[in-house]
Amino acid sequence: MRIILGLLCLCFLIFIHELGHFLAAKLFKVKVEAFSIGFGPVLLHKKHGETDYRLSLIPLGGYCKMKGENDFFRSLDLGLDYIDAEKDSLYGVHSIKRIIISFAGPFFNFVYAFLGFVIIALVGYVYYSYSNTINLVTDSHPEMHSVAKEAGILSGDKIIEINGNEIQNFSDLITEVGSRPDEKIKVKVLRDEKELTFELKTELDKETGTGKIGVQAITETIEKYDAKRYAFFPAIAQGMKETLKAAKMQLKGMLTLFKGTDISKAVSGPARIADMMGEVLTESFSENLRSGIVNLLSFTGAISIALFIMNLLPIPVLDGGMILFSFIELVSCRKLKPQIISKVQYIGIAFILIMFFIGLFGDIQYFINLIKGAK
Numbered sequence: 507m508r509i510i511l512g513l514l515c516l517c518f519l520i521f522i523h524e525l526g527h528f529l530a531a532k533l534f535k536v537k538v539e540a541f542s543i544g545f546g547p548v549l550l551h552k553k554h555g556e557t558d559y560r561l562s563l564i565p566l567g568g569y570c571k572m573k574g575e576n577d578f579f580r581s582l583d584l585g586l587d588y589i590d591a592e593k594d595s596l597y598g599v600h601s602i603k604r605i606i607i608s609f610a611g612p613f614f615n616f617v618y619a620f621l622g623f624v625i626i627a628l629v630g631y632v633y634y635s636y637s638n639t640i641n642l643v644t645d646s647h648p649e650m651h652s653v654a655k656e657a658g659i660l661s662g663d664k665i666i667e668i669n670g671n672e673i674q675n676f677s678d679l680i681t682e683v684g685s686r687p688d689e690k691i692k693v694k695v696l697r698d699e700k701e702l703t704f705e706l707k708t709e710l711d712k713e714t715g716t717g718k719i720g721v722q723a724i725t726e727t728i729e730k731y732d733a734k735r736y737a738f739f740p741a742i743a744q745g746m747k748e749t750l751k752a753a754k755m756q757l758k759g760m761l762t763l764f765k766g767t768d769i770s771k772a773v774s775g776p777a778r779i780a781d782m783m784g785e786v787l788t789e790s791f792s793e794n795l796r797s798g799i800v801n802l803l804s805f806t807g808a809i810s811i812a813l814f815i816m817n818l819l820p821i822p823v824l825d826g827g828m829i830l831f832s833f834i835e836l837v838s839c840r841k842l843k844p845q846i847i848s849k850v851q852y853i854g855i856a857f858i859l860i861m862f863f864i865g866l867f868g869d870i871q872y873f874i875n876l877i878k879g880a881k
């Protein structure tokens, strides 16, 4: 059941993305031939105006098919060194309009995340966490490495600040350290009523791509915390702050893939994302309505920001690739030859296929481990 709920949420985020492309295309009089939620065989469809609205079998994506998307292939077949396009087609409009159409999809994902974080700031939420008084992991696992221990931090120290950011509990500590893999940080602790500052370098957790310093929570007690509620205009500012913070963390996470992270564990496929999203939904709403809404908006906001960043990568077949091609045309005042576009497209397709199979392999491993854990 939770996977179905997760897939519905994922489909909604993709719908938001494709809606951005759809509205921008309509704005610039580009004909939208089909708008589909899902890929593959069409289950249901209804044509309204010039657009065929579809619900397709595979709920792992969607598309907004515009007239002339593959005109460069047709131009290649005709032996032309330019893209022959009609005025109401994608390649028939000015490159600036093409940039806006391509950017609109990711932008709608950004806006969705922003609005979600604004709502969270307005309603506030309750959460539970362990204290910011820590133990070293070497206390229970002597074989493990602890950069905190090497820096002089002791079990029983209360971590109150990291890089100038206040630490109220262990959740804050995880957030601050986890978002700074392989980075130098300043850690302020409270020991015997005295404040001490230590400088250390976080380690990269190669399974998750996050940072770690070799400390663990004291789990005997757990405390309740109330997140601050904001008035309307401060909530807007806080929502933008959280959105930009999420984008920064996503970018950092992507960079850690080139630092030795286990990519099969760090990169999630759609099935794993849907399962995690469904788990968040079922567990959160079982507590109370506010908790469910906050966790839903927070998790889908993070996924939406990931879609925003991934689709803006300057890779052919992604929105970023179209933006890059269109920008080159804009600054050079010259149309790109279809031969160039088609060759570069194959590079993009190869990249997408590689990432797809990595995600698929990771999903299979994830569900195998779930099944083993359930036995």
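Mapping of the sequence shown onto our numbering: position 54 corresponds to residue 560, and the numbering continues sequentially without gaps. Note that the Cβ used here is the ideal one computed from N, Cα and C, for glycine as well. This one's a predicted model, so the numbers in the text were calculated from it and none came from an experiment.
Residue i (DSSP reduced to helix, strand or coil)
i	result
Gln756	helix
Asp583	helix
Lys730	strand
Phe739	helix
Glu672	strand
Thr557	strand
Glu524	helix
Thr788	helix
Lys532	helix
When the options are compared against residue i, the one with the closest alpha-carbon
i	options	result
Leu679	His651, Ala657 and Gly720	Gly720
Leu513	Pro740, Gly784, Lys841 and Leu818	Gly784
Ser637	Asn669, Gly555, Glu726 and Asn817	Glu726
Phe739	Pro822, Ala627, Ser652 and Ile728	Ala627
Glu575	Asp594, Leu750 and Ser685	Asp594
Glu667	Arg686, Leu696 and Gly826	Leu696
Cys944	Val599, Leu813 and Met650	Residue 944 falls outside the range modelled here, since the chain spans only 507 to 881, and no answer is possible.
Asp732	Gly526, Val632 and Ser581	Val632
Tyr736	Gly854, Lys655 and Val629	Val629
Leu883	Leu563, Met755 and Ile510	In the structure as shown, the chain starts at 507 and stops at 881, and residue 883 therefore has no counterpart that could be examined.
Asp688	Ile846, Asp711 and Leu561	Asp711
Leu586	Ala808, Ile847 and Gly622	Ile847
Leu859	Ile607, Lys758, Pro822 and Ile811	Pro822
Gln744	Thr557, Ile659, Phe623 and Cys515	Phe623
Phe609	Phe857, Gln845, Asn817 and Leu842	Asn817
Lys552	Ala540, Phe545, Gly546 and Gly544	Ala540
Pro953	Glu556, Gly555 and Arg560	With the chain covering 507 to 881 only, the question about residue 953 has no answer from this structure.
Asp558	Gly826, Glu748, Thr703 and Phe528	Phe528
Ile728	Tyr634, Val693, Lys849 and Ile640	Tyr634
Glu748	Ile799, Phe805, Ile724 and Glu705	Phe805
Ser601	Val850, Ile853, Lys849 and Leu842	Leu842
First through last residue of the alpha helix (DSSP H) which encompasses residue i
i	result
Gly720	Unbroken run through Gly720: none, as it is neither H nor E.
Glu682	Phe676 to Gly684
Beta-ladder partner(s) of residue i, from DSSP
i	result
Val695	Ile665 and Leu702
Leu710	Gly717
Lys747	Looking at the DSSP assignment, Lys747 forms no beta bridge with any residue, so it has no partner.
Lys690	Lys707
Delimiting residues of the beta strand (DSSP E) encompassing residue i
i	result
Lys539	Looking at the sequence itself, residue 539 is Glu, so the reference to Lys does not match. Its beta strand (DSSP E) spans residues Val538 to His554.
Heavy atom of the ligand NAP within 7 Å of residue i beta-carbon
i	result
Ser832	Ligands are entirely absent from the displayed structure, and the ligand NAP is therefore not among its contents.
Inset, instruction - Could you name each continuous alpha helix (DSSP H) segment of 4 residues or more that falls completely within the segment 807–857, going from the start of the chain to the end? - result: Whole alpha helix (DSSP H) segments, 4+ residues: 825–838.
At 4 residues or longer, what runs of the alpha helix (DSSP H) sit wholly inside the segment 633–661? Secondary structure within the segment 633–661: the alpha helix (DSSP H) runs of 4 or more consecutive residues, fully enclosed, are 643–646 and 653–657 (chain order).
Which runs of the alpha helix (DSSP H), 4 residues or longer, sit entirely within the segment 561–629?
-> The segment 561–629 contains, as complete alpha helix (DSSP H) runs of 4+ residues, the segments 577–583 and 601–629 (chain order).
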